[in-house]
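Shown next, in structure tokens, is the structure this report addresses.
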């Protein structure tokens, strides 16, 4: 920390006080107090200047969205926005991991009349093979030139997509953060509080890719309780030896993503909170600065109830995590 010292030398204005013969100590105290006040004033001025230069821009919370959300007026090359050409559009991206509820969350957003979220566009390798292809793809999405079944192109008020952390996002984070900040893209991080439940979903979905339990068809998401029950009958075996390391890796990946994108406008949402607290969806809509509406989805949750009903080697997993910091994941959390 810098030190600031006020010196009164021969080049500065001199204050001459004639000391009375009878009370030199009193006058010395006056001079000393004056010098201290002067020094304190100068130091505070210097400190105020320095802190005004060094305070970083705070991460935007949903309650501050109206002050910082950037709006755009895209001019697509493939169609005309017609009467909606003067309607502002906001850009967003859902940043998540596979089997974290991002598909369900995206269907909720797309049930809004003014939101178009275009799915997992970077699952295609060619779109993320280098920074140039990533930027080209982003430009097409945010210029409304990306068409999916969810697109409401002309009158969209918020346009985005979902992006998994392992799809070139973290590997190219420097350029992507620069793009987000330059173009005003708001990031919505969607994670699971309980990564053990996510692990069950990942293993079960991987199994169904080959087993095709629903009449020879693989489905990552279902729309009926009957389909959900059929898929949930499969109980995966979790590697108890590497379990703690795997949980640590998941947590580390999420922490790394938040660190990399700390300078962007973002909010963090947990899947469990969306299920137990529907006001969280209201906060998401406020964050995107769109009219707040009731959102809905046709998707049905596959693995419901206690985790012990969905893990084949439950006793091994229970024994491995008991007494550790991850013991809490064994309990039902919604």
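In my numbering, the protein residues as written are 6 to 339.
Note that the Cβ used here is the ideal one computed from N, Cα and C, for glycine as well.
Rounded to whole angstroms, what is the Cα-Cα separation between residue i and residue j?
i           : j           : result
residue 319 : residue 299 : 38 Å
residue 262 : residue 170 : 7 Å
residue 256 : residue 86  : 42 Å
residue 175 : residue 200 : 19 Å
residue 278 : residue 101 : 15 Å
residue 290 : residue 327 : 39 Å
residue 239 : residue 297 : 39 Å
residue 324 : residue 332 : 9 Å
residue 258 : residue 110 : 20 Å
residue 188 : residue 77  : 9 Å
residue 173 : residue 179 : 11 Å
residue 267 : residue 251 : 24 Å
residue 212 : residue 253 : 23 Å
residue 314 : residue 288 : 33 Å
residue 90  : residue 237 : 47 Å
residue 88  : residue 118 : 16 Å
Please classify residue i as buried or exposed, where buried requires at least 16 neighbouring CB atoms within 10 angstroms.
i           : result
residue 220 : exposed
residue 228 : exposed
residue 330 : exposed
residue 216 : exposed
residue 181 : buried
residue 283 : exposed
residue 84  : exposed
Considering only their Cβ atoms, is the gap separating residue j from residue i smaller than 8 Å?
i           : j           : result
residue 205 : residue 241 : yes
residue 166 : residue 124 : yes
residue 136 : residue 177 : yes
residue 152 : residue 274 : no
residue 163 : residue 190 : no
residue 218 : residue 235 : yes
residue 143 : residue 184 : yes
residue 122 : residue 99  : yes
residue 225 : residue 106 : no
residue 233 : residue 306 : yes
residue 197 : residue 276 : yes
residue 147 : residue 79  : yes
Near residue i, what residues of its chain come up, given a Cβ to Cβ distance below 7 Å and the 5 sequence neighbours on each side ignored?
i           : result
residue 322 : 243, 245, 248 and 316
residue 210 : 104 and 225
residue 286 : 113, 279 and 300
To which residues of the same chain is residue i closer than 8 Å at the C-beta, ignoring the five residues directly before and after it?
i           : result
residue 301 : 113 and 116
residue 59  : Bear in mind that a pLDDT of 33 at residue 59, under 50, signals an unreliable position, so the model cannot answer this.
residue 269 : 182, 185, 186, 190, 191 and 192
Once the 5 residues before and after residue i are set aside, which same chain residues still bring their CB inside 6 Å of it?
i           : result
residue 214 : 223
residue 126 : 166
residue 334 : 199 and 201
residue 303 : 228
residue 168 : 98, 100, 127 and 174
residue 81  : 148, 149 and 150
Which whole-angstrom value describes the C-beta separation of residue i and residue j, a residue pair presumed to lie in contact below a C-beta threshold of 8 Å?
i           : j           : result
residue 149 : residue 161 : 7 Å
residue 192 : residue 271 : 4 Å
residue 203 : residue 133 : With a Cβ gap of about 22 Å, residue 203 and residue 133 do not count as contacting.
Verify the CB distance criterion: does residue i have a CB-CB separation below 8 Å to chain B?
i           : result
residue 271 : This model lacks chain B altogether; it includes just one protein chain.
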